[in-house]
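Residues 187 to 365 in the working numbering are what the sequence shown spells out, letter by letter.
Beta carbons: idealized from backbone N, C-alpha and C, even for Gly.
The structure presented is a predicted model; accordingly, all values stated were derived computationally and were not measured.
One structure is given here, and the rest of the page talks about it.
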Amino acid sequence: ADFKQYFKTSNEDFQKLHDVFTKAWEQGKNHAVMDIQFPINHGKKIWVRMSGTITKQDYGVIVNFSYTNIEDIMQQQKELCEITNERSDNFEWLMSEFNGNVYISDMDTYELLYVNRNSCEVLQASPCPFCTNSLLKKNETYEWEFFNPNLNRTFMIKNRLLNWQGHRSRIELSHDMYS
Numbered sequence: 187a188d189f190k191q192y193f194k195t196s197n198e199d200f201q202k203l204h205d206v207f208t209k210a211w212e213q214g215k216n217h218a219v220m221d222i223q224f225p226i227n228h229g230k231k232i233w234v235r236m237s238g239t240i241t242k243q244d245y246g247v248i249v250n251f252s253y254t255n256i257e258d259i260m261q262q263q264k265e266l267c268e269i270t271n272e273r274s275d276n277f278e279w280l281m282s283e284f285n286g287n288v289y290i291s292d293m294d295t296y297e298l299l300y301v302n303r304n305s306c307e308v309l310q311a312s313p314c315p316f317c318t319n320s321l322l323k324k325n326e327t328y329e330w331e332f333f334n335p336n337l338n339r340t341f342m343i344k345n346r347l348l349n350w351q352g353h354r355s356r357i358e359l360s361h362d363m364y365s
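Printed below as a string of structure tokens:
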């Protein structure tokens, strides 16, 4: 039977599968793997990991497929993503409500990735001459005090290294010690 018949209600999924295995063959590979929603009956689909061996025969290129049902894995991944998104949303909410200053910046480019509303008046436009990036270590908090001569205020500051949406970043929490 023609494998394409299984995808008669989902030509787009078949085309993705076809493209992955064609690209693998063109790159000189004889094997490829792809996670895809596989139609089973009455329009229902299940997640499967399609694994195929590609061979050249006298009558053309063929792919011998095997598949593994990964429906449970995909459900767990979906639930994990939901939990991660909820944690991220809660973390951003906490930072926005923090009465002190919070910002997150890329440690390599100094790009500001997050700034709460309180930080806007105290942040400088360029990297600080007293930058603590070189002092930050994974899973450790660096605490220090800083007197801001522009505001005539002393701040208690906590810095930490973190990965923020794929950026090697620092988070800084600070509050005015006398407010």
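- Measuring C-alpha to C-alpha distances from Tyr-192 to each of Thr-254, Phe-224, Thr-208 and Gln-201 identifies Phe-224 as the nearest.
- Bridge partners of Ala-218 according to DSSP: Gly-238.
- Phe-341 is bridged by DSSP to Phe-332 and Asp-362.
- The Cβ neighbour count for Ser-282, taken over all protein chains shown within 10 Å, is under 16; the residue is labelled exposed.
- Taking a C-beta distance under 7 Å as the contact criterion, Ser-305 and Asn-325 do not qualify as a contact pair.
- Between the alpha carbons of Cys-267 and Phe-277 lies a distance of about 15 Å.
- With fewer than 16 neighbouring CB atoms inside 10 Å of its own CB, Ile-248 falls in the exposed class.
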